[in-house]
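Working notes, beginning with the structure itself.
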Amino acid sequence: PPPVPFNHSIRDEADRKCSPRNFFRFHDFEPRNFFVPRTHFIDGPGGSMTATVRRQHRVYFEVEIEREKGSEIDRDRARSRSRATTTTTAPNAAGTTTAETNTTDAVDTKNLIRRLRNNVNPLLAEELIVEAGHEYTQEISDGMYGNMWYRVFGYRVGFSQWRELSDCSRHKVVTGIASVPARVEGWRYWETRHPMYKGRKLSEK
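Residue numbers are given in full-length UniProt numbering: position 54 of the sequence shown equals residue 54, and the series is strictly consecutive.
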């Protein structure tokens, strides 16, 4: 006999239940440097240079929320919600910025950083404090200028947060970009023919 088609009953649908939960999906992992302000030094021409970190600086976990309309991105330094309503972080190319915590109310930031540790790198942190005492010496090529800038390594990661309901349906809550510092730091060294800053010549000598 031909197979009897199976019809889902209301009872069958009622039995199909899931435990409500939030989860994340990650994409576009890119390395990122968090450069510490006021630690950029230039010496030369030639000779050698030594630089030491002698002050404390905090680098924070950062989340950028993508809006549905247009290409604007809300940037929020996702610190604990029990702290101040606004936070200040290390300046990027656009300068130091502040953001209100209500921007990331839709993002479970504690769960996000925990998942990033599991999926990207266990050394990732919500914040990192750069302590004093890191000294670095470098020989400079003849006729060249040496540049040193202290940095914290990390990642820039695209993510989406999803909500699974009791009927097992899944809905996207928010998408964004997380810039996350790792517990790894050090000096970056490079050479130029003239003293330079942000692509502009500072001096002929």
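Every residue, glycine too, gets a C-beta built ideally from N, C-alpha and C.
Treat the numbers as computed from the prediction; the structure is a model and nothing was measured.
- Counting only runs of 3 or more residues that sit fully inside the stretch 112–184, the beta strand (DSSP E) segments are 127–130, 134–139 and 145–164, in chain order.
- Taking a cut-off of 8 angstroms on C-beta distances, the stretch 144–156 touches the stretch 174–188, as three or more cross pairs fall below it.
- In this structure Phe-41 is in contact with Ala-51, their Cβ atoms being roughly 5 angstroms apart against a cut-off of 8 angstroms.
- As DSSP reads the structure, Arg-32 sits in a beta bridge with Gly-154.
- For Lys-198, the secondary structure class from DSSP, reduced to helix, strand or coil, is coil.
- Membership of Ser-48 in the beta strand (DSSP E) is indicated by the continuous run 48–53.
- Listed in chain order, the non-local C-beta contacts of Arg-188 below 6 angstroms within the same chain comprise Trp-149 and Arg-151, local neighbours out to five positions each way being set aside.
- Under the 8 angstroms Cβ criterion, the stretch 164–175 does not count as touching the stretch 112–124, having fewer than three qualifying pairs.
- If you look at Val-107, you'll find it isn't in any beta strand (DSSP E); DSSP assigns it neither H nor E.
- Taking each of Pro-195, Ala-178 and Gly-199 in turn and checking the Cα distance to Leu-112, the smallest one comes out for Ala-178.
- In this chain, the beta strand (DSSP E) harbouring Arg-58 covers 57–60.
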